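Notes follow once the structure below has been shown.
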Amino acid sequence: MVSFIALGRRPLIQNTMNIQKSFLSTLNQSERHTVLKSLLSSGWTMTEGRDAIQKKYQFTDFNEAFGFMTRVALKADKMDHHPEWFNVYNRVEITLSTHDCQGLSKRDIELANFCDTLLEK
Numbered sequence: 175m176v177s178f179i180a181l182g183r184r185p186l187i188q189n190t191m192n193i194q195k196s197f198l199s200t201l202n203q204s205e206r207h208t209v210l211k212s213l214l215s216s217g218w219t220m221t222e223g224r225d226a227i228q229k230k231y232q233f234t235d236f237n238e239a240f241g242f243m244t245r246v247a248l249k250a251d252k253m254d255h256h257p258e259w260f261n262v263y264n265r266v267e268i269t270l271s272t273h274d275c276q277g278l279s280k281r282d283i284e285l286a287n288f289c290d291t292l293l294e295k
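Per the working numbering, residue 175 is the first one in the sequence shown, and the count goes up by one each step.
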C-alpha cells in the first residue's frame with residue numbers, strides 16, 4: 175500500500191510495505207522444527223545451497239497448471255511475497271524464500287500451505 179502526503183507542491187511517498195518488511199526475520203530453529211515438519215512430509219524439500227523450500231506439482235494439463243499458478247499469484251501479490259517458479263505444460267516447480275530477510279520466513283510457510291490447500295479442493 176502506498177500513501178501520499180502532500181508537502182507544498184511535491185508529494186512525499188511513504189511505502190508502508192517497507193515498514194512491514196523491516197520486521198521480517200528468518201525462522202528460528204524452534205519454528206523450523208515445528209512448521210517445516212508438516213511441509214517436508216507433504217512433498218516440500220529443502221533447496222540445496224539456499225535457505226529455501228521447493229516443491230514440484232504435476233497437473234492433468236496446461237490449463238489446470240496455469241489456473242493453479244494464477245490462484246497462487248493472486249495470493250502472493252496480496253501478501254507482497256512472490257515465488258520463484260518454473261512451468262512447462264502441466265508441471266509447476268515453486269521455490270520459496272524471503273529475499274527481504276535472506277531466508278525462510280513465516281511468509282514462505284503461509285504461501286506453501288496455501289499452495290497445498292489449492293490441491294485439496
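Each residue gets a CB set at the ideal place from its N, CA and C atoms; glycine is no exception.
No experiment lies behind these values; they were computed from the predicted model shown.
Exposure label - residue i; buried when at least 16 CB within 10 Å
i	result
D282	buried
T272	buried
H207	exposed
H256	exposed
L270	buried
Distance between residue j and residue i (C-alpha atoms, nearest Å)
i	j	result
M253	E294	21 angstroms
A226	I268	10 angstroms
L201	N264	32 angstroms
F236	W259	15 angstroms
L248	S204	30 angstroms
Cβ neighbours of residue i in the same chain (closer than 7 angstroms, five flanking residues each side left out)
i	result
N192	Reliability fails at N192, whose pLDDT of 44 lies under 50, so the model's placement of it is uncertain and no value is given.
G217	K229
Unbroken beta strand (DSSP E) run spanning residue i, endpoints
i	result
E267	265 to 270
F260	258 to 262
Beta-carbon contacts of residue i that lie in its chain and below 8 angstroms, excluding the five residues immediately before and after
i	result
L292	F242, R245, V246
Alpha helix (DSSP H) segment containing residue i, residue limits
i	result
Q301	Residue coverage of the chain in this structure runs from 175 to 295, which leaves residue 301 outside it and unanswerable.
Expected contact under 8 angstroms - CB spacing of residue i and residue j to nearest Å
i	j	result
A239	V266	5 angstroms
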